[in-house]
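Engineer: Can you keep this structure in mind? I'll have questions shortly.
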Amino acid sequence: MKSLQDAATLHNGVRMPWLGLGVYKVEEGDEVKRAVRTALEVGYRHVDTAAFYQNEEGVGQAIRESGIPRDQIFVTTKVWNSDQGYESTLKAFHTSLKKLGFDYIDLYLVHWPVKGKYKETYKALEKLYKDGFVRAIGVSNFQIHHLEDILADCEIKPMVNQVEFHPRLTQKPLLAFCKQHHIQLEAWSPLMRGGELLNEPTLINIAQKYEKTPAQVILRWDLQHEVVTIPKSVTPERIAQNANIFDFTLTKEEMDAIDALNENRRIGPDPDNFDF
1 MKSLQDAATL HNGVRMPWLG LGVYKVEEGD EVKRAVRTAL EVGYRHVDTA
51 AFYQNEEGVG QAIRESGIPR DQIFVTTKVW NSDQGYESTL KAFHTSLKKL
101 GFDYIDLYLV HWPVKGKYKE TYKALEKLYK DGFVRAIGVS NFQIHHLEDI
151 LADCEIKPMV NQVEFHPRLT QKPLLAFCKQ HHIQLEAWSP LMRGGELLNE
201 PTLINIAQKY EKTPAQVILR WDLQHEVVTI PKSVTPERIA QNANIFDFTL
251 TKEEMDAIDA LNENRRIGPD PDNFDF
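What follows is the structure, given as structure tokens:
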């Protein structure tokens with residue numbers, strides 16, 4: 001992982017850049033367009049949105065206006081919980097595709113494992129994949145037992161599982177399970193919210209050694225665990241800073257020290273217990 005263009009290879013051969021821009025809670029319109037434009041100028045080639053974020057149009061517009069060929073940018077979106085189910089997922093996908101203004105999407109994910117629905121939702125993703133509308137399919141916020149449930153009778157194995165992952169929630173068993181099954185783990189909210197981690201002495205010490213920020217250390221830690229990561233920011237300086245993580249390597253001792261910050265603590269909802 002030597003540059004921003006470096007990519008993980010998914011089990012179907014599709015390349016997914018290790019670092020991307022997340023746009024959760026980024027406002028539709030100028031704000032999201034500015035963030036995406038900045039990221040592309042810095043060299044990002046991976047943008048992660050979702051129907052639920054209500055900013056797909058701005059994301060698509062910024063990508064089209066960038067002048068960068070569409071096939072050089074990896075775009076993810078997701079089907080929201082209220083649209084889950086076979087037919088409704090197909091419909092929701094085409095709505096997202098239209099909003100983005102594309103012919104295809106690189107990665108389409110089931111946003112949450114909605115009980116009694118996520119399996120038929122995933123079947124719709126398999127159809128979209130077979131029909132050539134998406135280059136890769138996967139899930140988000142799935143625990144091991146949800147993945148086992150999908151793997152039991154799916155035709156096409158999920159390529160990605162995007163979950164909450166950061167030094168307070170290292171999800172070691174889930175990471176190991178995904179590696180074993182060639183499912184690429186991806187981290188949302190890699191820096192946690194509210195900046196608590198950025199004041200963690202362990203991270204501050206490591207950051208000082210490399211003349212980096214604690215945030216850069218965390219993102220580097222993700223990459224060295226072979227986890228794709230999509231930090232969200234709307235600040236041009238921060239977007240650039242988050243990408244400046246390819247010129248140093250953490251030692252095994254430093255990786256272990258960061259792993260040791262784990263408290264199995266979520267800031268987001270529990271995938272086994274949510275009601276939205």
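Counting in full-length UniProt numbering, the sequence shown runs from 1 upward without gaps.
Glycine is no exception: its CB is placed at the ideal position from the N, C-alpha and C atoms.
Return the chain-ordered ranges of every alpha helix (DSSP H) run that is complete within the stretch 17-55 and spans a minimum of 4 residues.
Structural biologist: Whole alpha helix (DSSP H) segments, 4+ residues: 30-42.
Engineer: In terms of residue numbering, what span does the beta strand (DSSP E) encompassing ASP270 cover?
Structural biologist: From DSSP, ASP270 is part of no beta strand (DSSP E); its letter is neither H nor E.
Engineer: In chain order, what are the residue ranges of uninterrupted alpha helix (DSSP H) at least 4 long that sit wholly in the stretch 54-129?
Structural biologist: Listed in chain order, they are 56-65 and 86-100.
Engineer: Can you tell which of LEU128, ASN244 and LYS252 has its C-alpha closest to the C-alpha of TRP18?
Structural biologist: The option with the nearest alpha carbon to TRP18 is ASN244.
Engineer: If you draw a straight line from the C-alpha of LYS157 to the C-alpha of THR76, how long is it?
Structural biologist: Taking the straight line from one Cα to the other gives about 17 Å.
Engineer: May I ask you to list the residues that DSSP assigns as paired with ILE137?
Structural biologist: ILE137 pairs with TYR108.
Engineer: Just to confirm, is the Cβ distance from PRO190 to THR229 under 8 Å?
Structural biologist: Result yes, Cβ atoms of PRO190 and THR229 sit closer than 8 Å.
Engineer: Provide the residue span of the alpha helix (DSSP H) that contains LEU203, from first to last.
Structural biologist: Where LEU203 is concerned, the enclosing alpha helix (DSSP H) stretches over 201-210.
Engineer: At a cut of 8 Å, does the stretch 83-91 reach the stretch 59-74 through at least three beta carbon pairs?
Structural biologist: In short, these stretches do not touch, since the Cβ pair count stays below three.
Engineer: Determine the burial state of HIS111: buried for a count of at least 16 other Cβ atoms within 10 Å of its Cβ, exposed for fewer.
Structural biologist: So HIS111 counts as buried.
Engineer: Would you tell me roughly how many angstroms separate the C-alpha atoms of HIS146 and ASN161, rounded to the nearest one?
Structural biologist: Cα to Cα, HIS146 sits roughly 11 Å from ASN161.
Engineer: If we count the other Cβ atoms within 10 Å of its Cβ and call it buried at 16 or more, is LEU151 buried or exposed?
Structural biologist: Its Cβ having fewer than 16 others within 10 Å, LEU151 is exposed.
Engineer: Compare the Cα-Cα distances from GLU237 to each of GLN216, MET192 and GLU226 and report the closest residue.
Structural biologist: Checked all of GLN216, MET192 and GLU226; the closest Cα to GLU237 is GLN216.
Engineer: Would you kindly work out how many angstroms separate the C-alpha atoms of ALA240 and ILE218, rounded to a whole number?
Structural biologist: The straight-line gap from Cα to Cα measures roughly 15 Å.
Engineer: Hey, out of GLU186, GLY116, VAL114 and SER96, whose CA is closest to LEU128's CA?
Structural biologist: Of GLU186, GLY116, VAL114 and SER96, the residue nearest in Cα terms is SER96.
Engineer: Does the distance from the CB of SER140 to the CB of LEU109 come in under 8 Å?
Structural biologist: Contact: yes.
Engineer: Helix, strand or coil for HIS166 per DSSP?
Structural biologist: Strand at HIS166.
Engineer: Indicate the three-state DSSP secondary structure (helix, strand or coil) for ALA260 in the structure shown.
Structural biologist: Three-state DSSP puts ALA260 in coil, outside helix and strand.
Engineer: Rounding to the nearest angstrom, what Cα-Cα distance links ILE258 and THR213 in this structure?
Structural biologist: Looking at the two C-alpha atoms, the distance is approximately 14 Å.
Engineer: Looking at ARG168 and residue 294, is the spacing between their C-beta atoms short of 8 Å?
Structural biologist: Absent from the model: residue 294. The displayed extent of the chain is 1 to 276, so no value can be given.
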